[in-house]
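Per our numbering, numbering through the sequence shown is continuous, rising by one, with the last residue being 129.
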Amino acid sequence: MADRNCGECTLCCKLMGVPELKKPSAKWCVSCDQGKGCTVYEERPQSCRNFQCFWLMDENFPDEFRPDRIHALAAFNDTKDSCVLHVDPAKPRAMSSPPVNALIDALLKSYAKVFVLSGKESALIQR
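Printed below as a string of structure tokens:
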């Protein structure tokens, strides 16, 4: 486990769906104090407890890939040899930004497929 913390990043509280709360993806969680964190952290749902983005988990992820800086976060996927890149649909330029393109290239070195999700839009990028 990397020796990192979320700091001011709360992007997962927006981009990730939370089934227990019926919170859809790409909408801010009502329990998120943006830029500060979860206001119900000790009582947060199990899916929130289980989630960690790749930047948080892997100290080899450069700081410039921190989710709140590039408006995107990478996470595990249920499909073998793939991962998911969640991109903030409120930041349409993020999808084609140099940091996101560099992150996709880096992910494709480890995974055969990168599923990119941005609101209702999706794409599959393969090696």
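Yeah, the Cβ is synthetic: ideal placement off N, Cα and C, and Gly gets one too.
Check: Within 8 Å, strictly: CB atoms of K16 and D80; Outcome: no
Check: Three CB pairs or more closer than 8 Å across the stretch 12-27 and the stretch 86-100; Outcome: yes
Check: Three-way DSSP call (helix, strand, coil) for Q128 in this model; Outcome: strand
Check: Alpha carbon of D83 to alpha carbon of L110, nearest angstrom; Outcome: 10 Å
Check: Neighbourhood of F63 by C-beta distance below 7 Å, restricted to the same chain and skipping five residues each side; Outcome: F56 and W57
Check: Per-residue DSSP class, three states only, for E61; Outcome: coil
Check: Residues bridged to D165 [DSSP beta-bridge criterion]; Outcome: The structure shown has nothing for residue 165, since the chain only spans 3 to 129.
Check: Buried versus exposed, by CB contacts within 10 Å (16 or more), L126; Outcome: exposed
Check: For F117, the three-state DSSP class (helix, strand or coil); Outcome: strand
Check: Where D90 falls: helix, strand or coil (DSSP); Outcome: coil
Check: V118 versus K29 - alpha carbon distance; Outcome: 17 Å
Check: Cα-Cα separation, L75 to P69; Outcome: 5 Å
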